[in-house]
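A.B. asks: Protein chains in written order, with the UniProt record's numbering: chain C, 1 to 192; chain A, 1 to 192.
The beta carbon of each residue, even a glycine, is placed where N, CA and C say it ideally should be.
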DNA sequence: ATTGTTCTAGAATGATTGATAAAGAATTGA
DNA sequence: TCAATTCTTTATCAATCATTCTAGAACAAT
């Protein structure tokens, strides 16, 4: 009962996600969100509670579609080190116009001022770390020793490298240099 | 001629730098800056032109004191790989209360939305990269080959690792894990 | 058709933003 | 002492902010 929704929730979340990736949380106003989603301010508040509510929904959408989608596409279970390599290289395929950016990296920085980390940032970093660890243990050298301590440590190291690449991409670094850095890292990882 | 300045420029820049590191650029208001610097709004505009002017001065102060100071303290010329290792480990010594944060990393992300990178971000990243490269060539393995291509590539890889560590620190990651990741990275670098 | 409910649209809300203007206070040179 | 100049303070500006309110529109069940 009651009036039916006119807007397509996925399209709205995609639009909101886009502008949050580009500009961050603070820099985006409700008016910006109206333009990005096609919804009027009143509808936004009705459907999502407030700006933070829409952001949270958009962040969830990012983790579900962009992050998990990228993992499934480039580094599915069984793809091992080669999958991880391609996952890293895929970061370079984003357009240079600043329209995108990793929401995880950006929000880890923007919301990092307080004491406790943002739960969605924590979840996303955890997913990346777990994925790295799993693919690493698929590689022979990391599976040999009983406990996965080595894989854990390498996963953390790779997670830092991954986040740093996204910072440098956003900072305008030369992509050819970054590609070479990724290749070096994984070539070395394969010789272990 | 004219009235003399009452405020200590260094203290003002330090206060402004502090709050910008903690909260970012956008999230800091002129009223916040009044509290952080002790100056009244009018004086801020008189002395620095506008908010961006004070930020720019504070960023310059950061690069001059914090960044260059850290490099000189932990990785001075001649300190080689060991100097770099301690430079990286020094990132973990920051307090956890979120009062600090790397202005370079944070601004690379916050200002990264546009097309061209922020000049001070670019300069700071350049200084780090150059420092990494120099210390690497002091190590035998990197100095052996004629051109410094290998050192260049490793410097970029380390720069990404460095920025990523700062993201993870800000994201609330466990410092013991990060310390281990740093040790692993440099142990491996030393065996090359 | 009427009622209850949900959604949308658009105009308000008060608070906060970055910035400016004017007046007072402190200094130097004449 | 008195201009001239520079800094500090205070008050205030229009613009924008996130949010709320109100009225109307669209649906389901009665």
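Buried or exposed: residue 192 of chain C, going by 16 or more other Cβ atoms within 10 Å of its Cβ?
C.D. replies: Burial call: exposed.
A.B. asks: What are the start and end residues of the alpha helix (DSSP H) that includes residue 175 of chain C?
C.D. replies: Residues 175–190.
A.B. asks: Quick one: which chain A residues come within Cβ less than 9 Å of residue 50 of chain C?
C.D. replies: Under the 9 Å cutoff, chain A gives no residues; its nearest Cβ is about 17 Å from residue 50 of chain C.
A.B. asks: When the Cβ atoms of the segment 19–37 of chain A are set against those of the segment 104–116 of chain A, are three or more pairs found closer than 8 Å?
C.D. replies: Result yes; three or more Cβ-Cβ pairs closer than 8 Å.
A.B. asks: What does a CB cutoff of less than 6 Å around residue 186 of chain A pick up in its chain, not counting 5 residues either side in sequence?
C.D. replies: Contacts found: 85.
A.B. asks: Using a Cβ-Cβ cut-off of less than 7 Å, give me the residues of the segment 76–90 of chain A that come near chain C, in sequence order.
C.D. replies: Within the segment 76–90 of chain A, no residue qualifies.
A.B. asks: Give the residues of chain C in contact with residue 161 of chain A, contact being defined as C-beta atoms less than 8 Å apart.
C.D. replies: Within chain C, the residues near residue 161 of chain A are 157, 160, 161, 164.
A.B. asks: Determine, for residue 170 of chain A, whether the minimum Cβ-Cβ distance to residues of chain C falls below 7 Å.
C.D. replies: Chain C contact via Cβ: present.
A.B. asks: Per DSSP, what kind of secondary structure is residue 133 of chain C in: helix, strand or coil?
C.D. replies: If DSSP states are grouped into helix, strand and coil, residue 133 of chain C belongs with the helices.
A.B. asks: Could you check the C-alpha separation between residue 92 of chain A and residue 161 of chain C for me, to the nearest Å?
C.D. replies: Approximately 16 Å, taken between the alpha carbons.
A.B. asks: Would residue 155 of chain C and residue 120 of chain C be called neighbours here (beta carbons separated by less than 7 Å)?
C.D. replies: Contact flag unset, no.
A.B. asks: Given that residue 13 of chain C touches chain A, what residues does it touch there, using C-beta distances under 7 Å?
C.D. replies: Near residue 13 of chain C there are no residues of chain A at all, since even the closest Cβ is about 20 Å away, more than 7 Å.
A.B. asks: Quick one: which unbroken alpha helix (DSSP H) runs of 4-plus residues sit fully inside the segment 55–133 of chain A? Chain order, please.
C.D. replies: Qualifying alpha helix (DSSP H) stretches, in chain order: 68–74, 80–90, 103–110.
A.B. asks: Taking one C-beta from the segment 76–90 of chain A and one from the segment 51–66 of chain C each time, how about it: are there three or more such pairs within less than 8 Å?
C.D. replies: At 8 Å Cβ cutoff, the stretches do not touch.
A.B. asks: So with CB distances below 9 Å, who are the chain C contacts of residue 117 of chain A?
C.D. replies: Within 9 Å Cβ-Cβ: 170, 171, 172, 173.
A.B. asks: What is the rounded straight-line gap between the Cα of residue 50 of chain C and the Cα of residue 11 of chain C?
C.D. replies: Roughly 18 Å separates the two Cα atoms.
A.B. asks: Report the CB separation of residue 30 of chain A from residue 41 of chain A in whole angstroms; it is logged as a contact under 8 Å.
C.D. replies: 5 Å between Cβ atoms; contact.
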